[in-house]
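For the record, the sequence lines run as chains A and P. Read left to right, the first sequence gives residues 66 to 404 (this note's numbering). Read left to right, the second sequence gives residues 4 to 306 (this note's numbering). I have placed the structure first, in the form of structure tokens, so that the comments after it can refer back to it.
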Amino acid sequence: MRKFSFRFVTPLIAAGCLVMLALILTNRELPAHLFSGANLQSFKILFISIILEAFPFILLGVVFSALLQVFVTDAMIKKFTPKNPIAGVLFGALLGLLFPLCECGMIPVVRRLIRKGMPAYIGIVYLLAGPIVNPIVYASTFTAFRTTPAMAYSRMGLAFAVSVIVGLLLYKFMRTSPLKSATHTRFAPHGHSHSHDHDSAGKRFRSRVASILSHASDEFFEMGKYLIIGALLTAVLQTIIDRSTLTAFADQPLFSYLFMMGFAFILSICSTSDAFIASSFSGMFDFGPLLAFLVFGPMIDLKNTLMLLTTFRVKFVLILIALTAGLTLVGAWIMEVLL
Amino acid sequence: MTHHLIRAAILTGFAMFIVYLDRTGEMMLYIAPRMELYVKLSAIGLYAAAIYQVYAALQKRIGQASPACDCEHDPSPSVFKNIIIYGLFIFPLLLGFLVPTGTLGSALASKKGVSLTGIIGYERTSAPSPLAPKDEASIAVSPVPALQPEATTQDPLVALFPYDEYTEAHAAYGKKLYRQSLITVPEKQFIETLTTLDLYREAFMGKEIEITGFVYREEEMGHERLAVSRFAMNCCSADALPYGLMIIWPKAIDYAEDEWISVRGTLTTSTYMDNEIITLEVVKIERIQAPESPYVYPDLDFG
């Protein structure tokens, strides 16, 4: 599993380096200039601030996941998850209203839910919709786009639609578990059980607390390394890429969508604050590309792609990215035409 | 056991780093004040995890099996891979503790693109509305009717500060500013004030304005112009965006990039890169100490 992730992380970093090289060449900036004091400062501040900002959310995610692991039995998950696929997909898409986690905390939780027997397609729908369809993100989008409240509604609506469609497609076509290490079929619960049966209640409680801490800290390290690689690349790209040179292409319709989606992917900022970034672009880009930015970014970005790769099979992650990107592009374009 | 101890050390390191940032006041360089509490709480979580790792290490040492299963998270047996993985965690710590901290400045501002007109969204969406009229007559013929209460039409301020449903707060704030003889752009509502000045530039024409920020310069500004800028942060510095106000001063070139200045001047407009933007004609300019917090934050209670 680790070998697997290494095989793909190294090329990803190499690709990142190539992108940077290309940018350096096109900007005709000397590499020496890039590592000047000011850029190093910017890099340091951005890099550490992304990590610091993600810590509370990632900790919340791993603790929540550990609590699920220790206190919620597979049977309970099965009982609460709707059997009907359509109801299940809708359930997944609205789960964010109950458990508003951001994307950093989402992945360990979803993995845990799938291992505990929640159908994978429902878990994925929660993974996609959760970081957007929740009250916190609605409030921040509404605040950032006070002049165009349609943005907040469309963001919720499109995210909901995209995740539901992805969920239904996955239900129809996904035959094996998307999880990496798991070899079981998608409805089989994870192999090992956690019934630490001890005699006295006191001992069981202590064992449970230890178990929560153990799961949480192990998962923290597993997720943390991808967070750090993601933060590193994001900080480097933000320090190097000159926004104004790229936005020169903002006039070409298709390109502006792809640009904003690519930009969301690279930025990897939390879904609670990305609306403010998007609103800073509202002078340059139309409604559609901004909507694509706001919907695609929280679902898929550089940081969480790396984290997805720890959990899900590579082929599955690539298909998921392609599906989400395609649907977001089409959806945002339709919204632009309609509104 | 070594794994547990290394992990304990890294977790403690991050917790210590957060405490260090809090004590030195450097936290505000990275994180917006409203996020600080969560980051501090996460330090407690990191400590708890570190203590657990030491406990697990001790348990392994006395030969007891770990109380929890680590069936799925067994660390890789390869030493090389482990060095890379743990190195990855140690890198930000080293960077944080050892590299002296500066602030974001012109270098990043030029990458992100400084907004010289406040929040752009308002200008764009309100372009057809009577927000930037050339004279009062154009208000009357404006295609989008402003939501003005009838009763107050006698008040001259109403004509000066037309608003629609989205700029109501700015209009109210603009009226308040209009009554002041010297308008100081405050830290608390930096962006809101710049946006208001830009929206109602006609009303504020010739008014005396005071603003503080770092010097930001683009090549096209030449020798006589520079922008007094601040970074506005929402959650963390990764989402910080630079906002500025252009000033005209014959000896503007004397001020180096990233120097902190306080400027007083009268509001006018000038053309920059084919756009008409609000500009200060400088009356008084002085170098100042960098303020405690280099950032400004959007005032979420505004309006």
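In this text, a Cβ means the ideal position worked out from N, Cα and C, and glycines have one as well.
- The continuous stretches of alpha helix (DSSP H) do not include PHE210(A), and DSSP gives it neither H nor E.
- TYR219(P) has ALA230(P) as its beta-bridge partners, per DSSP.
- Taken atom to atom, the span from the alpha-carbon of LYS181(A) to that of PRO297(P) is near 47 Å.
- For the pair LEU355(A) and SER272(A), the Cα-to-Cα distance works out to about 49 Å.
- Counting along the chain, the unbroken alpha helix (DSSP H) around GLU195(P) starts and ends at 193 to 202.
- Taking CB atoms only, GLU168(A) has no neighbour in chain P less than 9 Å away.
- Taking C-beta atoms under 8 Å as the contact rule, GLY232(A) and VAL154(A) qualify, at a distance of about 4 Å.
- Annotated three-state conformation of TYR298(P) is strand, per DSSP.
- Here GLN303(A) is buried: its Cβ has 16 or more other Cβ atoms, across all protein chains shown, within 10 Å.
- Under the 9 Å criterion on CB atoms, ILE122(P) is classed as interfacial with respect to chain A.
- DSSP, reduced to helix, strand and coil, places VAL266(P) within a strand of the structure shown.
- Counting along the chain, the unbroken beta strand (DSSP E) around GLU289(P) starts and ends at 278 to 290.
- Proximity of chain A to ILE34(P) at the Cβ level (cut-off 7 Å) is accounted for by SER114, LEU117 and GLU118, in chain order.
- With respect to the 9 Å criterion, MET288(A) and ILE123(A) are classified as neighbours on the basis of their beta carbons.
- SER232(P) and LEU111(A) have their C-alpha atoms roughly 19 Å apart.
- Rounded to whole angstroms, the Cβ separation of PHE217(P) and GLU262(P) is 7 Å, and the two are in contact under 8 Å.
- Sixteen is the threshold: since fewer than 16 other Cβ atoms of the shown chains lie within 10 Å of the Cβ of VAL82(P), the residue is exposed.
- Taking 9 Å as the cut-off, the beta carbon of VAL382(A) is found no closer than this to the beta carbon of LEU392(A).
- For chain P, none of the residues of the region 225 to 243 of chain A brings a beta carbon within less than 7 Å of one of its beta carbons.
- Scanning chain A for C-beta atoms nearer than 9 Å to the C-beta of LYS254(P) yields nothing, as the closest lies near 24 Å away.
- The residues LEU371, in chain order, have a CB closer than 6 Å to that of ILE294(A) in the same chain once the five nearest residues on each side in sequence are set aside.
- For SER118(P), DSSP records a beta bridge to TYR246(P).
- In the DSSP assignment, CYS335(A) is bridged to no other residue.
- Separation of THR208(A) and SER184(P) (C-alpha to C-alpha, rounded to the nearest whole angstrom) is 31 Å.
- ALA35(P) and ALA175(P) have their C-alpha atoms roughly 27 Å apart.
- Taking C-alpha positions only, ALA329(A) is separated from ALA343(A) by approximately 9 Å.
- Contact between the region 5 to 13 of chain P and the region 48 to 58 of chain P is established, with three or more Cβ pairs separated by less than 8 Å.
- In the structure shown, ALA259(P) falls within a coil segment according to DSSP collapsed to helix, strand and coil.
- Beta bridge pairing from DSSP links THR271(P) with THR282(P).
- By the neighbour-count criterion, in which a residue is buried when 16 or more other Cβ atoms sit within 10 angstroms of its Cβ, ARG240(A) is exposed.
- ALA18(P) and PHE100(P) have their C-alpha atoms spaced approximately 12 Å apart.
- Here PHE358(A) is buried, its C-beta having at least 16 other C-beta atoms within 10 Å.
- Under the criterion of beta carbons closer than 8 Å, ILE334(A) and ALA110(P) do not qualify as touching, at roughly 20 Å.
- Boundaries for ILE65(P): no beta strand (DSSP E) harbours it, and the DSSP string shows neither H nor E there.
- Taking the beta carbon of TYR55(P) as reference, the chain A residues within 8 Å of it are ALA275, LEU278, SER279 and SER282, listed in sequence order.
- Taking a C-beta cut-off of 9 Å against chain A, the contacting residues of the region 100 to 117 of chain P are VAL102, PRO103, THR104, GLY105, THR106, LEU107, GLY108, SER109, ALA110, LEU111, SER113, LYS114, LYS115 and GLY116, listed in chain order.
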